[in-house]
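Chains A and B supply the protein sequences, listed in that same order.
Numbers 28 to 139, taken from the working numbering, label the letters of the first sequence in order.
Numbers 227 to 339, taken from the working numbering, label the letters of the second sequence in order.
Beta carbons: idealized from backbone N, C-alpha and C, even for Gly.
Scroll down for the structure; my scribbles are underneath it.
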Amino acid sequence: DAKTTQPPSMDCAEGRAANLPCNHSTISGNEYVYWYRQIHSQGPQYIIHGLKNNETNEMASLIITEDRKSSTLILPHATLRDTAVYYCIVSQPPGSGNKLVFGAGTILRVKS
Amino acid sequence: NAGVTQTPKFQVLKTGQSMTLQCAQDMNHNSMYWYRQDPGMGLRLIYYSASEGTTDKGEVPNGYNVSRLNKREFSLRLESAAPSQTSVYFCASSDRVLSYEQYFGPGTRLTVT
Numbered sequence: 028d029a030k031t032t033q034p035p036s037m038d039c040a041e042g043r044a045a046n047l048p049c050n051h052s053t054i055s056g057n058e059y060v061y062w063y064r065q066i067h068s069q070g071p072q073y074i075i076h077g078l079k080n081n082e083t084n085e086m087a088s089l090i091i092t093e094d095r096k097s098s099t100l101i102l103p104h105a106t107l108r109d110t111a112v113y114y115c116i117v118s119q120p121p122g123s124g125n126k127l128v129f130g131a132g133t134i135l136r137v138k139s
Numbered sequence: 227n228a229g230v231t232q233t234p235k236f237q238v239l240k241t242g243q244s245m246t247l248q249c250a251q252d253m254n255h256n257s258m259y260w261y262r263q264d265p266g267m268g269l270r271l272i273y274y275s276a277s278e279g280t281t282d283k284g285e286v287p288n289g290y291n292v293s294r295l296n297k298r299e300f301s302l303r304l305e306s307a308a309p310s311q312t313s314v315y316f317c318a319s320s321d322r323v324l325s326y327e328q329y330f331g332p333g334t335r336l337t338v339t
């Protein structure tokens with residue numbers, strides 16, 4: 028599985044968009060980009076995934092560059108409850124057992 | 227639906243003791259996973275079961291054994307606990323075919339003294 032690089036921490040003002048970058052320059056053609064978050068030592072929570080097209084759901088948007096070497100997770104209107112560690116993961120699709128390799132992630136602090 | 231449940235929530239062991247961490251899911255998922263998370267670090271995969279009847283090693287399997295008891299349950303056993311196994315243990319499940327999402331349990335906080 029390809030390795031990812033994320034900034035260790037970021038701050039965001041409440042109500043503003045939070046843009047979390049991720050570099051995955053060694054991603055291979057069939058690998059997906061997944062985003063999870065972990066709030067205060069709870070179990071991680073799935074946010075979104077994508078292959079090459081931009082994706083949006085009720086939680087966030089995922090923007091993947093055309094060369095697929097990097098991506099950005101966007102929380103459009105961050106709230107205090109979005110303070111968490113955000114993990115960008117590159118992995119095989121579910122048919123391969125869907126193993127996830129978690130790095131250190133980005134600590135997002137949303138401030139009022 | 228309870229989702230993924232784990233027992234116990236907390237456990238303190240002495241070095242050399244054994245114990246089994248229990249995990250169950252009620253979502254009819256095929257795949258189940260055990261991870262550990264050390265302080266300030268991301269999760270690391272210990273073992274996984276892609277489907278009932280199969281288990282495979284993950285990134286850090288040494289010192290652990292697993293049993294996929296049935297489709298619902300996946301247990302993790304520490305035969306002889308060591309202080310290096312002090313960690314938070316998370317169980318997760320996913321539907322291998324239909325879902326890209328892993329569902330995680332609340333975790334078991336294990337301290338080995």
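- The distance from the Cβ of residue 81 (chain A) to that of residue 91 (chain A) is about 6 Å, consistent with a contact at the 8 Å cut-off.
- It is roughly 15 Å from the alpha-carbon of residue 230 (chain B) to the alpha-carbon of residue 314 (chain B).
- Per DSSP, reduced to three states, the secondary structure at residue 275 (chain B) is strand.
- Near chain B, meaning a CB-to-CB distance below 9 Å, the residues of the region 41-59 of chain A are 59.
- Residue contact with chain B for residue 69 (chain A): present (Cβ-Cβ distance below 8 Å to some residue of chain B).
- For residue 99 (chain A), the closest C-alpha among the options A:137, A:109, A:88 is that of A:88.
- No Cβ-Cβ contact shorter than 8 Å links residue 71 (chain A) with residue 133 (chain A).
- Here the C-alpha atom of residue 41 (chain A) lies approximately 15 Å from the C-alpha atom of residue 86 (chain A).
- For residue 248 (chain B), the secondary structure class from DSSP, reduced to helix, strand or coil, is strand.
- In this structure, B:240 is the residue among B:290, B:240, B:251 with its C-alpha nearest to the C-alpha of residue 339 (chain B).
- Around residue 276 (chain B), the same chain offers 256, 257, 282, 322 as residues with beta carbons nearer than 8 Å, after the five sequence neighbours per side are excluded.
- In the DSSP assignment, residue 291 (chain B) forms a beta bridge with B:303.
- Looking at A:129, A:126, A:119, A:130, the one whose alpha-carbon comes closest to that of residue 59 (chain A) is A:119.
- Residues of the region 93-114 of chain A that bring their beta carbon within less than 7 Å of a beta carbon in chain B comprise 114, in sequence order.
- Using a Cβ-Cβ cut-off of 8 Å, residue 253 (chain B) does not count as an interface residue toward chain A, since no Cβ of chain A sits closer than that to its own.
- Listed along chain B are 259, 261, 269, 271, 318, 328, each with a C-beta nearer than 9 Å to that of residue 127 (chain A).
- DSSP places residue 311 (chain B) in the helix class (H, G or I) of the three-state scheme.
- Apart from sequence neighbours up to five positions away, the residues of its chain that approach residue 303 (chain B) with a beta-carbon distance below 8 Å are 244, 245, 246, 247, 290, 291, 292, 293, ordered along the chain.
- Comparing alpha-carbon positions, the option among A:101, A:107, A:129 lying closest to residue 138 (chain A) turns out to be A:107.
- Counting the other CB atoms within 10 Å of its CB gives residue 272 (chain B) a total of 16 or more, which places it among the buried residues.
- Rounded to the nearest angstrom, the gap between the Cα atoms of residue 261 (chain B) and residue 235 (chain B) is 15 Å.
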